[in-house]
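A.B. asks:
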Amino acid sequence: MKVEESLNVTFDETPPSPKTPPLEDDELVEEEAIEVSKTNPICNDLEDISLENNQIVNIKESKTHPLEIVIGTKWVYRNKLDENGVVTRNKARLVAQGYNQQEGIDYDETYAPVARLECIRILLAYACALEFKLYQMDVKSAFLNGFINEEVYVAQPLGFIDFAKPNYVYRLKKALYSLKQAPEAWYDQLKAFLIKHDYSTGMVDNILFTKKKDSKLIVVQIYVDDIIFGSTCQEMCDDFSKIMHDEFDGGTKFFLRITNKTIR
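At the far end of the sequence shown sits residue 1750, using our numbering, and the numbering has no gaps.
1) What is the DSSP secondary structure of Met1689, counted as helix, strand or coil?
2) How far does the beta strand (DSSP E) with Ser1717 in it reach, from first residue to last?
3) Let me confirm a value: Gln1720 is counted as buried when at least 16 other C-beta atoms fall within 10 Å, else exposed. Which label applies?
4) Less than 8 Å between the C-beta atoms of Ile1693 and Pro1599, yes or no?
5) Helix, strand or coil, according to DSSP, for Lys1659 in the structure here?
6) Within 10 angstroms of the Cβ of Val1572, are there 16 or more other Cβ atoms? Answer buried if so, exposed if not.
7) Does Asn1635 pass the burial test, meaning 16 or more other C-beta atoms within 10 Å, or should it be called exposed?
8) Quick one: which unbroken beta strand (DSSP E) runs of 3-plus residues sit fully inside the region 1592-1647? Chain order, please.
9) With the cut-off set at 8 Å, would you say Asp1648 and Ile1713 are in Cβ contact?
10) CB-CB under 8 Å to Gly1716, same chain, minus the five flanking residues each way: which ones, in chain order?
11) Residue range of the beta strand (DSSP E) that Leu1694 falls in?
Written as structure tokens, this is what we have:
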């Protein structure tokens, strides 16, 4: 997993250059996406590969249950931008039509905590005070890692329909993008993983994780699939990076669209 480090950090809130385009991922219609994939040499990231790697779907189940509990799927195409607004790759993401889900049948809880910007500022100030390095990472296809407890069926995705079994659907074992419970499923999965490795949640901020080893401390702040962490001990940072790399996939170049300046 590739991580980016910063030394003594100052939080830069100066306005962006007027030459810098808005930092938003461009959504493409299907016709545009097909044309881009043919002409653009940038890597085309089909997240169907992620579906296979993460074992999202179970074997196909016959439609012996009412059709109204089968959730539709669609492809969402977008250009992935870097911190300067430059297109780095084209993405095709399979999403569920979560607006068709019924509460109490397809999902129960949907809440997932998110870090406040003030908490991130405090962490940056804390790193400056103790003069330790901060690292950043994000988890690739994070929502595809969360297990779901409900019995959820989705339609075969367009372009990947098995014409030998057109009346079959997929039963999900893990969350899919746009499912109501996907954010909470990811948070629960990550929280359980960190607690398993002796991390503790904050008493006030439950997406702040800490771990102590003698007089050494590592602090981990979560914002959905973006992670910023630092420690008074380099070895603890290396250990955290390793366990995350072993369990998940990811890398980053900027955090929450914020670029940090470093000073000595």
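The C-beta atom is built at its ideal place from N, Cα and C for all residues, glycine as well.
Remember, it's a predicted structure, so these values are computed and weren't measured experimentally.
C.D. replies: Taking the definition as stated:
1) Residue 1689 sits at position 203 when you count from the first residue of the sequence shown. DSSP places Met1689 in coil when its eight states are reduced to three.
2) Here the question's residue 1717 lines up with position 231 in the sequence shown. Looking at the DSSP string, the run of the beta strand (DSSP E) that includes Ser1717 is Asp1712 to Ser1717.
3) For the purposes of this step, residue 1720 is identified with residue 234 of the sequence shown, where counting begins at 1. With fewer than 16 other Cβ atoms within 10 Å, it is exposed.
4) In the sequence shown, residue 1693 corresponds to position 207, counting from 1. In the sequence shown, residue 1599 corresponds to position 113, counting from 1. For Ile1693 and Pro1599, yes; Cβs fall inside 8 Å.
5) Position 173 of the sequence shown, counted from the start, is the residue given in the question as residue 1659. Three-state DSSP puts Lys1659 in coil, outside helix and strand.
6) By 1-based counting over the sequence shown, the position of residue 1572 is 86. Val1572 is exposed by the Cβ-count criterion.
7) The residue you call residue 1635 lines up with position 149 of the sequence shown. It counts as exposed.
8) Qualifying beta strand (DSSP E) stretches, in chain order: 1620-1624.
9) Residue numbering aside, residue 1648 sits at position 162 when the sequence shown is read from its first letter. Residue numbering aside, residue 1713 sits at position 227 when the sequence shown is read from its first letter. In terms of Cβ geometry, Asp1648 and Ile1713 do not form a close pair [threshold 8 Å].
10) Within the sequence shown, numbered from 1, the residue matching residue 1716 stands at position 230. Contacts found: Leu1609, Ala1613, Phe1618, Lys1619, Leu1620, Tyr1621, Ile1704, Val1705 and Cys1723.
11) Translated into the one-based positions of the sequence shown, residue 1694 becomes position 208. Taken as a continuous stretch (DSSP letters only), the beta strand (DSSP E) holding Leu1694 covers Leu1694 to Lys1699.
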